[in-house]
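Number of protein chains: 2
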Amino acid sequence: MFSGRFDQLVQALRILPSVGPKSAQRMALHLIMKNKEGALGLAHALNEATSYIHECAVCHSLTENEVCDICLSNDRDEQLLCVVESPADVMAIEQSGSFKGKYHVLGGHLSPLDGIGPEEIGIPYLIQRLSDGLVTEVILATNATVEGQATAHYLVEAAKHLPVNMTRIAQGVPQGGELEYVDSHTLSQAVHNRMRMK
Amino acid sequence: MFSGRFDQLVQALRILPSVGPKSAQRMALHLIMKNKEGALGLAHALNEATSYIHECAVCHSLTENEVCDICLSNDRDEQLLCVVESPADVMAIEQSGSFKGKYHVLGGHLSPLDGIGPEEIGIPYLIQRLSDGLVTEVILATNATVEGQATAHYLVEAAKHLPVNMTRIAQGVPQGGELEYVDSHTLSQAVHNRMRMK
Ligand SMILES: [Zn+2]
Ligand SMILES: [Zn+2]
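In structure tokens form, the structure reads like this:
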């Protein structure tokens, strides 16, 4: 429609998650008709971000430097290490404001059928990180999926020989969750893991 | 989060219509973690589109050339001219496959309170376009809003002296519309504009 470059822009916008053909068209028209300056700014930000952002050498989260701000921070508890699957999880936990330790990003979860074993998600490197005795508690914050659970269990086994406590983030009914809409697996977990109030 | 350039990318993505802070974050992470090549392609497409796409000199729709493909086409009926508010409307009508004439894009609608009068939406130029006697029917396809209706009525007045038929796209219950969910203004229009079947 309109021109080859218009169609190319619509196609290029389709790489964004949950952007279908209709919203890509709407976005392209909006940018060209109403916000060319914003479009140029977005192009610049995309070029900059792809050039400069990469994995932190220590925790494997994202940074523009050799080592990320969280790893370098003196204000965070080095004895607490939170293990997550991806940088998106680091972001979610940071935004919850519930954690003041350090992180370790696996970059995935165990998935033997896809050929993703302990080496592929850097478990030997994590065990090595734990071997200096600085960390006293590892919080396993992999996803509450079958793969995330399996990965957490594997990590407990792999760290058996180390003098470190390992905990798993709680699973249960989400805040505001109405029981009739919560799936039965979650509900049965929530009953099983019930906590004493009195 | 993560780095300045990450935050800048999240901010830049917010200019896209209906992208809030959460989805901008999700998009930024997706691009950096999963599709750097796509991100670079999008940056390129944005730069190209903003540089090369502009208004058609004849119909004021969008094109990369002096005059758009629809205006130049010999396969379209030059006697039929469809007047719309924006290039998005040209796209919607083209995609409906219901029209084989030419277009005229106003670039807005009359809105006296915002200082948008006939000059601002190029009505004198449209009247001039109609003056060569080539067009025999003008289809008024401005939006079915108060402003779109007012603009259509104004155009009928402005073209009173010209030997040209003017029609308005039909208003009524949309395809698949269940009456109980259709607003009462639309319903009353639909009853008023009822069509004889037998
Ligand atoms: Zn780090
Ligand atoms: Zn044109």
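Taken in sequence, the protein lines are chains A and B.
According to the UniProt record's numbering, the residues represented by the first sequence are 1 to 198, in order.
According to the UniProt record's numbering, the residues represented by the second sequence are 1 to 198, in order.
Cβ atoms here follow ideal geometry from the backbone N, Cα and C, with glycine treated the same way.
Residue burial is scored here from C-beta neighbours: GLN25 of chain A has at least 16 other C-beta atoms within 10 angstroms and is therefore classed as buried. Chain order is used for the residues whose beta-carbon lies nearer than 6 Å to a heavy atom of ligand 1, namely A:CYS56, A:VAL58, A:CYS59, A:SER61, A:VAL67, A:CYS68, A:ILE70 and A:CYS71.
Short note on TYR103 of chain B: C-beta closer than 8 Å to some heavy atom of ligand 2. A residue is called buried when at least 16 other Cβ atoms come within 10 angstroms of its Cβ; HIS60 of chain B meets this threshold and is buried.
The beta-carbon of GLU48 of chain A is placed less than 9 Å from the nearest beta-carbon of chain B.
Beyond the five residues adjoining it in sequence on each side, ALA28 of chain A comes within less than 8 Å, by CB distance, of PHE6, LEU9, VAL10 and LEU13 in the same chain, given in chain order. Within the stretch 28-44 of chain B, the residues whose Cβ lies closer than 8 Å to any Cβ of chain A are, in chain order, ALA28, LEU29, HIS30, LEU31, ILE32, MET33, ASN35, LYS36, GLY38, ALA39, LEU40, GLY41, LEU42, ALA43 and HIS44. Of all alpha-carbon atoms in A:GLU55, A:ASP69 and A:THR136, the one lying nearest the alpha-carbon of GLU94 of chain A is that of A:ASP69.
The beta carbons of LEU110 of chain A and TYR154 of chain A sit about 6 Å from each other, so the pair counts as a contact at 8 Å. Rounded to whole angstroms, the separation of the alpha carbons of GLN79 of chain B and LYS102 of chain B is 8 Å. In terms of Cβ geometry, THR151 of chain B and LEU106 of chain B form a close pair [threshold 9 Å]. Under the three-state reduction of DSSP output, GLU37 of chain B falls in the helix class.
The alpha-carbon separation between GLY177 of chain B and ALA92 of chain B amounts to approximately 19 Å. Residues of the stretch 75-92 of chain B that bring their beta carbon within less than 9 Å of a beta carbon in chain A comprise SER86, PRO87, ALA88, VAL90 and MET91, in sequence order. For ALA57 of chain B, no CB of chain A lies under 9 Å from its own CB, so it is not counted at the interface with that chain. The beta carbon of LEU130 of chain B is closer than 8 Å to those of LEU81, VAL138, ALA159, LEU162 and VAL164 in its chain, skipping five residues each way along the sequence. Looking at A:VAL84, A:LYS198 and A:GLY20, the one whose alpha-carbon comes closest to that of GLY122 of chain A is A:VAL84. Using a 10 angstroms sphere on the CB of VAL191 of chain B, the tally of other CB atoms stays under 16, which defines it as exposed. The beta-carbon distance between GLU120 of chain A and SER3 of chain B, rounded to whole angstroms, is 26 Å. This is too long to meet the 8 Å contact definition. Note on geometry: alpha-carbon atoms of SER96 of chain A and LEU140 of chain A lie some 16 Å from one another. The UniProt zinc finger region "C4-type" (56-71) of chain B contains no complete beta strand (DSSP E) run of 3 or more residues. Put simply, of B:VAL90, B:ARG76, B:ASN47 and B:ILE32 the residue whose alpha carbon is nearest the alpha carbon of SER51 of chain A is B:ILE32. Runs of alpha helix (DSSP H) with 4 or more residues, each lying fully within the stretch 74-110 of chain A, are found at 87-96, listed in chain order. When the beta-carbon positions are compared, SER86 of chain A and SER23 of chain B stay at least 9 Å from each other. Under the Cβ criterion of 9 Å, PHE2 of chain B is counted among the residues facing chain A. For the stretch 5-24 of chain B, the set of residues with a beta-carbon nearer than 8 Å to any beta-carbon of chain A comprises ARG5, PHE6, GLN8, LEU9, GLN11, ALA12, LEU13, ILE15, LEU16, PRO17, SER18 and SER23, in chain order. Annotation: the continuous beta strand (DSSP E) that includes ILE139 of chain B extends over 137-140. Look at THR142 of chain B: its beta carbon is at least 8 Å from all of the heavy atoms in ligand 2.
In this structure, DSSP gives HIS153 of chain A a helical state, which the three-state scheme calls helix. For the options B:VAL58, B:ASN35 and B:ASP89, the alpha carbon positioned closest to that of GLN128 of chain B is the one of B:VAL58. The C-beta of GLN95 of chain B comes closer than 9 Å to at least one C-beta of chain A.
Residue nearest to VAL67 of chain B within the set B:HIS54, B:GLU157 and B:HIS185 is B:HIS54 (criterion: CA-CA distance). Annotation: CYS56 of chain B to HIS104 of chain B spans about 10 Å, alpha carbon to alpha carbon. Taking a 10 Å sphere around the C-beta of ASN193 of chain B, we find fewer than 16 other C-beta atoms and assign the residue as exposed. In the DSSP assignment, ARG129 of chain B falls within the alpha helix (DSSP H) that extends over 123-130.
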